[in-house]
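Residue 8 is where the sequence shown starts when you use our numbering, and the numbers rise one by one after that.
What follows is one structure encoded as C-alpha coordinates, with my remarks underneath.
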Amino acid sequence: MSRTRSTYVARRVGAIVGYRCLNNSLLGRVKQRGPAFFTKWLYTATARGVHDHEIAAPVLDNRVLTWINEKTDMRLATGTPTTTPRTSLR
(Lines of atoms letter the chains of each structure in order from A and count residues from 1; the text may use other names and numbers.)
(Lines give C-alpha, C1' and ligand atoms only; values in the text may rest on other atoms or scores of the structure.)
Protein backbone atom coordinates (compact mmCIF):
# COMPACT_ATOMS: atom_id res chain seq x y z
CA MET A 1 0.00 0.00 0.00
CA SER A 2 2.77 2.50 0.83
CA ARG A 3 4.27 2.23 -2.67
CA THR A 4 0.91 3.20 -4.16
CA ARG A 5 0.48 5.96 -1.59
CA SER A 6 4.03 7.20 -2.13
CA THR A 7 3.46 7.43 -5.90
CA TYR A 8 0.25 9.40 -5.42
CA VAL A 9 1.81 11.72 -2.85
CA ALA A 10 5.08 12.21 -4.77
CA ARG A 11 3.24 13.21 -7.94
CA ARG A 12 0.90 15.63 -6.18
CA VAL A 13 2.85 16.98 -3.20
CA GLY A 14 6.50 16.20 -3.90
CA ALA A 15 9.22 13.58 -3.70
CA ILE A 16 10.23 14.35 -0.10
CA VAL A 17 6.74 13.61 1.20
CA GLY A 18 6.58 10.52 -1.04
CA TYR A 19 9.86 9.36 0.49
CA ARG A 20 8.42 9.90 3.95
CA CYS A 21 5.54 7.56 3.05
CA LEU A 22 8.01 4.83 2.13
CA ASN A 23 10.22 5.32 5.19
CA ASN A 24 7.75 6.04 8.02
CA SER A 25 6.34 3.13 10.02
CA LEU A 26 3.11 5.03 10.70
CA LEU A 27 2.53 5.43 6.96
CA GLY A 28 3.32 1.83 5.98
CA ARG A 29 7.13 1.69 5.75
CA VAL A 30 8.55 -0.69 3.16
CA LYS A 31 10.71 -2.95 5.34
CA GLN A 32 14.17 -4.16 4.35
CA ARG A 33 14.57 -1.40 1.78
CA GLY A 34 16.46 1.84 2.13
CA PRO A 35 17.19 5.19 0.55
CA ALA A 36 18.61 3.85 -2.73
CA PHE A 37 15.49 1.74 -3.35
CA PHE A 38 13.12 4.50 -2.25
CA THR A 39 14.66 7.14 -4.50
CA LYS A 40 14.77 4.79 -7.50
CA TRP A 41 11.11 3.88 -6.90
CA LEU A 42 10.13 7.54 -6.63
CA TYR A 43 12.12 8.44 -9.76
CA THR A 44 10.31 5.72 -11.70
CA ALA A 45 6.95 6.83 -10.32
CA THR A 46 7.47 10.54 -10.98
CA ALA A 47 9.45 10.67 -14.25
CA ARG A 48 6.32 9.73 -16.24
CA GLY A 49 8.30 8.23 -19.10
CA VAL A 50 10.66 11.18 -19.53
CA HIS A 51 13.98 10.94 -17.68
CA ASP A 52 14.28 14.69 -17.12
CA HIS A 53 10.62 15.45 -16.37
CA GLU A 54 10.37 18.52 -14.13
CA ILE A 55 8.89 16.56 -11.21
CA ALA A 56 11.14 13.49 -11.57
CA ALA A 57 12.58 12.72 -8.14
CA PRO A 58 16.38 12.47 -8.01
CA VAL A 59 18.01 9.11 -7.34
CA LEU A 60 20.24 8.98 -4.27
CA ASP A 61 22.25 5.77 -4.26
CA ASN A 62 25.71 4.85 -2.97
CA ARG A 63 27.44 6.11 -6.11
CA VAL A 64 25.76 9.51 -5.81
CA LEU A 65 26.43 9.68 -2.04
CA THR A 66 30.12 8.94 -2.61
CA TRP A 67 30.37 11.62 -5.31
CA ILE A 68 28.61 14.22 -3.12
CA ASN A 69 30.85 13.43 -0.14
CA GLU A 70 34.05 13.57 -2.24
CA LYS A 71 33.29 16.50 -4.53
CA THR A 72 31.22 18.90 -2.41
CA ASP A 73 31.23 20.47 1.04
CA MET A 74 28.14 18.43 1.99
CA ARG A 75 28.47 15.28 4.09
CA LEU A 76 25.72 12.67 3.84
CA ALA A 77 25.52 9.50 5.93
CA THR A 78 26.17 6.20 4.20
CA GLY A 79 25.19 2.68 5.21
CA THR A 80 21.97 0.73 5.49
CA PRO A 81 18.99 1.99 7.50
CA THR A 82 19.34 -0.92 9.93
CA THR A 83 23.01 -0.22 10.77
CA THR A 84 23.41 3.55 10.54
CA PRO A 85 21.13 6.19 12.01
CA ARG A 86 19.93 8.39 9.16
CA THR A 87 19.24 12.08 9.22
CA SER A 88 18.26 12.58 5.61
CA LEU A 89 14.74 13.21 4.30
CA ARG A 90 12.80 11.76 7.20
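Even glycine gets a Cβ: it sits at the ideal position worked out from N, Cα and C.
* What's the gap between the Cα of SER13 and the Cα of GLU61? -> Roughly 18 Å between the two C-alpha positions.
* Asked: Based on Cα-Cα distance, which residue from ARG19, ALA54 and PHE45 lies nearest to ARG27?
  -> The residue with the shortest Cα to Cα distance from ARG27 is PHE45.
* Classification of GLY25 by the beta-carbon crowding that lies within 10 angstroms, buried from 16 upward -> Its Cβ being crowded by 16 or more others within 10 Å, GLY25 is buried.
* To do: Determine, using beta carbons only, whether THR53 and ARG19 come nearer to each other than 8 Å.
  => A distance of 8 Å or more separates the beta carbons of THR53 and ARG19.
* Beta carbon of VAL66, beta carbon of LYS47: below 8 Å? -> Against a cut-off of 8 Å, the Cβ pair of LYS47 and VAL66 comes out as a contact.
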